[in-house]
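Under my numbering, the sequence shown has 93 at position 89, and the numbering climbs by one with no breaks.
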Amino acid sequence: MNDTVDISNSNILVVDDTPANLRLLIGILREVGYKVRPANNGQRALTSIEKESPSLILLDIMMPDMDGYQVCEHLKAHEETRDIPVIFISALNETFDKVKAFSVGGVDYITKPFQAEEVLARVETHLKWHELQRQLQKENLRMRAELEVSRRLQQMLLPTEKELQQIDGLDIACFMEPAAEVGGDYYDVLSQDGRVFIGIGDVTGHGLESGALAIMVQSSIRTLLANNETDPVKFFSAL
């Protein structure tokens, strides 16, 4: 687990219908600096979550009216709460379905009587794992946004149907479909001073890096031709 992951601002919801268990768990967690709030039944837990989404939930299974399984199922059924990690709580002498605990969305479980070291280790592990997932999702969104910008730039640099139709004496049809959002391949058709320049490029690889390089090369070629630079030596030296 990455020790550089910051979980210092984590807030934990502890749900248990036994006051002694609530006090003990809250004490264990607050002693190491976690922000903790209690709920003594399932419905109050859901109300608390609606007001402020916790970083992690310690959830007792055996509770009246609404048990831990039902609370977890409710959370996982809603997009805004489905990613909150849930650690179930169960007594050693209680019979509980471990398979069901995981199938309804739990990530782990701890047993009573509580061992402080075990509680803290499991809480820290899942807080860090959840934060890493959140950071990864954020990075993926950023990368997808960059890819979309590059894809649009690449499409803007391709010759349009109108530009191709304006070239006298030639009937040109072109099509390009990158394997990913952005590809390293490109084509171009330019008409200048009665001459037609056709270019096809293939940058090794796929994705953002190859696509960005293809855009730079194509843009540079257009700039050189616009400046009437057609001498092969000077042309490729400039590239």
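Built from N, CA and C at the ideal position, the CB exists for glycine as well.
Which residues share a DSSP beta bridge with residue i?
i	result
residue 195	200
residue 42	18
residue 63	19 and 92
residue 190	205
Would you mind reading off the limits of the beta strand (DSSP E) that contains residue i?
i	result
residue 114	112 to 116
residue 92	90 to 95
Starting from the C-beta of residue i, find all residues in its chain whose C-beta is less than 8 Å away, skip the five residues before and the five after it, and write them out in chain order.
i	result
residue 47	69 and 70
residue 226	161, 192 and 194
residue 10	135
residue 127	16, 33, 38, 60, 62 and 91
Between which residues of its own chain and residue i is the CB-CB distance below 7 Å, once the five residues before and five after are set aside?
i	result
residue 229	194, 196 and 201
residue 111	89, 90, 91 and 130
residue 52	17, 41 and 43
residue 85	53, 57 and 79
residue 176	168 and 193
So residue i and residue j are in contact, right, with Cβ under 8 Å, and what is the actual spacing, rounded?
i	j	result
residue 65	residue 100	5 Å
residue 161	residue 223	6 Å
residue 59	residue 37	Going by Cβ atoms, the distance from residue 59 to residue 37 rounds to 13 Å, so no, they are not a contact pair.
residue 77	residue 108	5 Å
residue 118	residue 28	6 Å
residue 158	residue 113	At roughly 50 Å, the Cβ-Cβ gap does not stay under 8 Å, so residue 158 and residue 113 are not in contact.
Only counting the same chain, and skipping five residues up and downstream in sequence, which positions put a Cβ closer than 6 Å to that of residue i?
i	result
residue 116	95
residue 32	120 and 123
residue 148	none
residue 15	39, 58 and 59
Alpha helix (DSSP H) containing residue i: first to last residue?
i	result
residue 106	102 to 107
residue 79	72 to 80
residue 154	120 to 161
residue 169	165 to 169
Comparing C-alpha positions only, which one of the options sits nearest to residue i?
i	options	result
residue 20	37, 61 and 163	61
residue 173	51, 16, 44 and 199	199
residue 104	158, 75 and 236	75
residue 179	157, 204 and 170	204
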